[in-house]
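All remarks here apply to the structure that follows.
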Amino acid sequence: MTPMVDAQRVCKRFGKLEVLRGISLQVPKGGVVVVIGPSGSGKSTFLRCLNHLETIDAGRLYVDGMLVGYEQRGDKLHELKDKEVCVQRSKIGMVFQSFNLFPHLTVTENIVAAPTRVKGEKRTEATQHAQELLASVGLADKGAAYPRQLSGGQQQRVAIARALAMRPKLMLFDEPTSALDPELVSEVLDVMKQLAIDGMTMLVVTHEMGFAREVADSVVFIDGGVVVEAGTPGEVLGNPQHERTKSFVSKVL
Amino acid sequence: MDGIAQVQKAAGVPDLEPEAEPIRAVPVRHYGRWIGAVAALLFVALIVRLFALSPNINWGAVRQYLGNGQILKGLQLTIIYTLVSMALGVALGIVVATMRLSVNPVLRALSGVYIWIFRGVPLLVQIIFWFNIAIILPRVGIDIPGTHLGWSVYTSSIVTTSIAAVLALGLNEGAYMAEIVRAGIQVVDYGQTEAGLALGMKRSLLFRMIILPQAMRAIIPPTGNEFIGLLKSTSLVSVIAAQELLTKAQIIYSRNLLIIELLLVASFWYITVTTLLTWGQYYIERYYARGSSNRQLPPTPMQRFRASLRRMYGRDETSEAASQVEAGGAS
Chain A
1 MTPMVDAQRV
11 CKRFGKLEVL
21 RGISLQVPKG
31 GVVVVIGPSG
41 SGKSTFLRCL
51 NHLETIDAGR
61 LYVDGMLVGY
71 EQRGDKLHEL
81 KDKEVCVQRS
91 KIGMVFQSFN
101 LFPHLTVTEN
111 IVAAPTRVKG
121 EKRTEATQHA
131 QELLASVGLA
141 DKGAAYPRQL
151 SGGQQQRVAI
161 ARALAMRPKL
171 MLFDEPTSAL
181 DPELVSEVLD
191 VMKQLAIDGM
201 TMLVVTHEMG
211 FAREVADSVV
221 FIDGGVVVEA
231 GTPGEVLGNP
241 QHERTKSFVS
251 KVL
Chain B
254 MDGIAQVQKA
264 AGVPDLEPEA
274 EPIRAVPVRH
284 YGRWIGAVAA
294 LLFVALIVRL
304 FALSPNINWG
314 AVRQYLGNGQ
324 ILKGLQLTII
334 YTLVSMALGV
344 ALGIVVATMR
354 LSVNPVLRAL
364 SGVYIWIFRG
374 VPLLVQIIFW
384 FNIAIILPRV
394 GIDIPGTHLG
404 WSVYTSSIVT
414 TSIAAVLALG
424 LNEGAYMAEI
434 VRAGIQVVDY
444 GQTEAGLALG
454 MKRSLLFRMI
464 ILPQAMRAII
474 PPTGNEFIGL
484 LKSTSLVSVI
494 AAQELLTKAQ
504 IIYSRNLLII
514 ELLLVASFWY
524 ITVTTLLTWG
534 QYYIERYYAR
544 GSSNRQLPPT
554 PMQRFRASLR
564 RMYGRDETSE
574 AASQVEAGGA
584 S
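Protein sequences, first through last, are from chains A and B. With the working numbering, the residue at position 188 of the first sequence is 188, and numbering never jumps. With the working numbering, the residue at position 2 of the second sequence is 255, and numbering never jumps.
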């Protein structure tokens, strides 16, 4: 079976700064992979490359067997048109550290915006779906609220519902709990846990080691733009082999 | 409240004394403030008296010309020039601002040049320039290259005084609006763009649905100022006798020499329309403030007025509370 995510020696430079220096990793369909690493190690950049918010400079990046942002014709790569990039992105859900809800739209409008305007779903169906999703993240009564009327944890759960409304086959989480007050972290993690149980393929950048241990199929430690160590949570977090992994794990646990 | 009380109990904090002594202090008397206020009011009264009782101002004529047919026609044209030029200015402003923020270097440069020229040349000069455009472009039309086929008309028959006025005002306004729109767009957090892109939105949809409505909050207040400024700038087109309010006033006072009286009449109408625009701006700003804070918007003056009417006619407390809720909900 083709993996959902297949990264082959992905490189990314910002000017002279090499952020990714050959990242290779795979996420099988239905799998949950947690990426950990010190700040500035390139975790977030890697995630953003996956839906082409950043372009990569070298290597190959496949999502569900398709090259991200390019098309191979013969031995040449062709850039995808904006429209085709949009189609690729619409199948990948992304949750940001700072939520990025649309503040001028209500919660329901936030959720139905993309399904109706990008995928052309009927408004009644999209609203129905939004209501189900809100119920599943425990916010069934917040449809008419504006984002600023919600707590951080509630906003992030709405953001998850908004991403799920596009019925993605892959969910990317970019430090989804880092901007939250400590007592609000668990409500977001619980939603993510349920999502994993329901079989969603997830790639999660996080500092929540408890979540990694409990939910992840595998943990990848990235430092300096390369994968230093990968394996089951037990291996990477419980019995790290590399010095850098050991020192990182000892600091965050 | 319950939560706090519980926490206090849990933490062993004693309950607050039920009868804490309220503060009843003698306020400090601010004599300086009273003296300042009286002096300022006296000064204003003097100036009002100067105008009101001046033997050189014929207030009867002012009253008479306020409703004069020619003046009202001029007022109508002033409003039309303002609306059309503003519409042109806003449309140009949005287009030029998006060009200015485009990834296309040619579009970026061209929009920069447009803003540079139209902000750099005084509006009065631009008005006279458009009025005389026929000198450099006597005819406008379409030629089919390599043939003698073509169609053209005299520029002066298209660019009438009114068109020259609207072109000058609108193109000038477009340059200012472009900068206002650009600033408004740049205020919107880049995370909004990322979130929209990640959902698969195309740039055009993202701009219309996500960026522009949020930019509007930053765009509306300076645009209101521009609108009021533009209303007053229409008086400049009196130099090309564009038949708006000031031209009409000038035509009348050149005949009867009631200069100050007719300027007062024109001023009255300018200030009246400005007041109406300020009022409209208030409501538009309220509309775009949706979702901007977790508090309810304060009631509008009209809602406050109705609430006070209700209070005067002695409705009971419950209907008062209901009306407050209604006022908040209507926002």
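Just so it is clear, CB atoms sit at the ideal spot from N, CA and C, and this is done for glycine as well.
Considering just the uninterrupted stretch of the alpha helix (DSSP H) at F384 (chain B), what are its terminal residues? Where F384 (chain B) is concerned, the enclosing alpha helix (DSSP H) stretches over L376 to F384.
Taking only beta-carbon positions, decide if L184 (chain A) is within less than 9 Å of chain B. By this cut-off, L184 (chain A) is not an interface position.
D255 (chain A) by DSSP, collapsed to three states: which one? Chain A is shown only over 1 to 253; residue 255 (chain A) falls outside these bounds and no answer can be derived.
Just to confirm my understanding: we take I111 (chain A), look at its own chain, exclude 5 residues before and 5 after, and list those with CB closer than 6 Å. What are they? So the qualifying residues of the chain are A130, A161, R162 and A165.
Is the Cβ-Cβ distance between L489 (chain B) and L377 (chain B) less than 9 Å? Less than 9 Å separates the beta-carbon of L489 (chain B) from that of L377 (chain B).
Taking just the CA atoms, how far does P280 (chain B) sit from S186 (chain A)? Taking the straight line from one Cα to the other gives about 52 Å.
For P280 (chain B) and chain A, any beta-carbon pair shorter than 9 Å? For P280 (chain B), the answer is no, since every Cβ of chain A falls outside 9 Å of its Cβ.
Which residue wins for smallest C-alpha separation from L420 (chain B), given the options B:V337, B:Y443 and B:V301? With distances taken between Cα atoms, L420 (chain B) lies closest to B:V337.
Whole angstroms is fine: what's the gap from K219 (chain A)'s alpha carbon to F46 (chain A)'s? Position check: residue 219 (chain A) holds Val in this sequence, whereas Lys was assumed. Here the alpha carbon of V219 (chain A) sits roughly 15 Å from the alpha carbon of F46 (chain A).
Out of curiosity, what's the CA-to-CA distance linking A542 (chain B) and L17 (chain A)? Spanning the two alpha carbons is a distance of roughly 41 Å.
Does P474 (chain B) get closer than 9 Å to chain A when you measure Cβ to Cβ? Not one beta carbon of chain A lies nearer than 9 Å to the beta carbon of P474 (chain B).
Looking at F255 (chain A): is its Cβ nearer than 9 Å to the Cβ of A159 (chain A)? The first residue shown for chain A is 1 and the last is 253, placing residue 255 (chain A) beyond what the model contains.
Residue-level contact to chain A via CB, G437 (chain B), 9 Å cutoff: So, not an interface residue.
Does the segment 23-30 of chain A come close enough to the segment 227-244 of chain A to have 3 or more Cβ pairs within less than 8 Å? Between the segment 23-30 of chain A and the segment 227-244 of chain A, the count of C-beta pairs closer than 8 Å reaches three or more; the two stretches touch.
I'd like to confirm the pairing. Which residues does DSSP put opposite L61 (chain A) in its beta bridges? A:A7, per the DSSP bridge assignment.
Own chain partners of Y506 (chain B) with C-beta closer than 6 Å, once the 5 adjacent residues on each side are dropped: Excluding sequence neighbours, Y506 (chain B) sits near I512 and L515.
Under the assumption that I332 (chain B) contacts V526 (chain B) (Cβ atoms under 8 Å), give the Cβ distance between them as a whole number of angstroms. The Cβ separation is near 7 Å, so the contact holds.
Buried or exposed by the 16-neighbour rule on C-beta atoms within 10 Å, applied to N547 (chain B): Because N547 (chain B) carries a pLDDT of 49, less than 50, the predicted location of this residue cannot be relied on, and the following value inherits that uncertainty. N547 (chain B) should be labelled exposed.
Does the CB of Y541 (chain B) have a neighbour CB from chain A at under 9 Å? Chain A, which has a Cβ nearer than 9 Å to the Cβ of Y541 (chain B), makes this yes.
Can you give me the C-alpha to C-alpha distance between V349 (chain B) and A428 (chain B), rounded to a whole angstrom? V349 (chain B) and A428 (chain B) have their alpha carbons spaced roughly 8 Å apart.
Just verifying my parser: in three-state terms, what is the DSSP assignment at S415 (chain B)? Helix at S415 (chain B).
Whose Cβ in chain A lies nearer than 9 Å to the Cβ of Q467 (chain B)? Residues of chain A passing the Cβ test: F102, P103 and H104.
Straight-line Cα distance separating K485 (chain B) from S307 (chain B): About 27 Å.
Looking only at its own chain, which residues have a Cβ that is under 8 Å from the Cβ of T127 (chain A), when we skip the five neighbours before and after it? T108 and V112, listed in sequence order.
Can you tell me which of B:N425, B:L354, B:A344 and B:I504 puts its alpha carbon nearest to the alpha carbon of F382 (chain B)? Across the set B:N425, B:L354, B:A344 and B:I504, the C-alpha of B:N425 shows the shortest separation from the C-alpha of F382 (chain B).
Residues bridged to L17 (chain A) (per DSSP): Per the DSSP secondary-structure output, L17 (chain A) pairs in a beta bridge with A:F14.
Counting pairs of Cβ atoms below 8 Å between the segment 445-457 of chain B and the segment 352-363 of chain B, do you hit three or more? With fewer than three CB-CB distances shorter than 8 Å, the segment 445-457 of chain B does not count as touching the segment 352-363 of chain B.
Measure from the alpha carbon of Y535 (chain B) to the alpha carbon of each residue in B:I524, B:V518, B:P554 and B:S520, then state which is nearest. A check of alpha carbon separations from Y535 (chain B) across B:I524, B:V518, B:P554 and B:S520 identifies B:P554 as the nearest.
Tell me, to the nearest whole angstrom, how far the beta carbon of V492 (chain B) is from that of Q467 (chain B); I am working on the premise that it is less than 8 Å. At roughly 40 Å, the Cβ-Cβ gap does not stay under 8 Å, so V492 (chain B) and Q467 (chain B) are not in contact.
Which residues, in order along the segment 113-145 of chain A, keep a beta-carbon less than 7 Å from a beta-carbon of chain B? Flagged, chain order: A113, A114, R117 and V118.
Can you tell me whether DSSP reads V205 (chain A) as helix, strand or coil? In this structure, V205 (chain A) counts as strand in the three-state DSSP scheme.
Selected residue, minimal CA-CA separation from Q88 (chain A), among A:E235, A:R167 and A:K193: Cα-wise, what sits closest to Q88 (chain A) is A:R167.
Can you list, in chain order, the residues of its chain with a C-beta nearer than 8 Å to that of I395 (chain B)? Leave out the 5 residues immediately preceding and following it. Only G403, W404 and S405 meet the Cβ criterion.
How is Y220 (chain B) classed by DSSP in three states: helix, strand or coil? Any question about residue 220 (chain B) goes unanswered here, given that chain B covers just 254 to 584.
Measuring CA to CA, which of B:S409, B:K501, B:P271 and B:I370 is closest to I389 (chain B)? Of B:S409, B:K501, B:P271 and B:I370, the smallest CA-CA separation from I389 (chain B) is found for B:S409.
Straight-line Cα distance separating P182 (chain A) from E79 (chain A): E79 (chain A) and P182 (chain A) have their alpha carbons spaced roughly 43 Å apart.
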